[in-house]
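One structure is given here, and the rest of the page talks about it.
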């Protein structure tokens, strides 16, 4: 009788342990999902410099940020780092940052510019949350021509253009 009780509860207990393990391993992803181009961030050009604007709610803490870009040079795709840094920071609602002016709390150890004279241009925005193992490919911006950034236009991840980002 006692062994029969254990046999009946064993699958249930295994399911509970499995679910608890899965939740503990993906808990950070549930707080801030890591789906490419799901981040509410936009890009524009201002005075020859790329400007990013966060349009979502204030985020949990991040500990690093990397802004890279890809251009085609002599028929070859080349990747470059425009900015990279560490420090505890959050993206705040309607907060703007550039490759030279990081979000508050972040300090760049690599800081440069993104050339706006070579198209197609792809800009990548990657950040790591404080929780272990939570790298986020926040956004990929595909710029096919300079007119996408003309007259204060804002580009969303994946390419759609808007007059107002948020």
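Residue numbers (this note's numbering): 380 to 545.
Note that CB positions come from ideal geometry on N, CA and C, so glycine has one too.
Quick check on the burial criterion: 16 or more other C-beta atoms within 10 angstroms. Buried or exposed for residue i?
i, result
"residue 481", "buried"
"residue 489", "exposed"
"residue 424", "buried"
"residue 525", "exposed"
"residue 452", "exposed"
"residue 461", "buried"
Comparing alpha-carbon positions, which option in the options lies nearest residue i?
i, options, result
"residue 495", "421, 519, 474, 528", "528"
"residue 438", "523, 452, 425, 419", "419"
"residue 545", "504, 502, 433, 539", "433"
"residue 447", "532, 441, 523, 464", "464"
"residue 537", "487, 519, 458, 429", "519"
"residue 498", "440, 455, 516", "455"
Return the CA-CA distance between residue i and residue j, expressed in angstroms with no decimal places.
i, j, result
"residue 426", "residue 477", "12 angstroms"
"residue 501", "residue 417", "16 angstroms"
"residue 470", "residue 421", "12 angstroms"
"residue 504", "residue 445", "6 angstroms"
"residue 533", "residue 479", "19 angstroms"
"residue 449", "residue 443", "20 angstroms"
"residue 458", "residue 467", "26 angstroms"
"residue 491", "residue 543", "26 angstroms"
"residue 486", "residue 506", "13 angstroms"
Which of the three DSSP states, helix, strand or coil, is assigned to residue i?
i, result
"residue 457", "strand"
"residue 423", "strand"
"residue 543", "coil"
"residue 476", "strand"
"residue 447", "strand"
"residue 470", "coil"
"residue 483", "coil"
"residue 436", "coil"
Please give me, in chain order, every unbroken run of the alpha helix (DSSP H) with length at least 4 that falls completely inside the segment 490-538.
none
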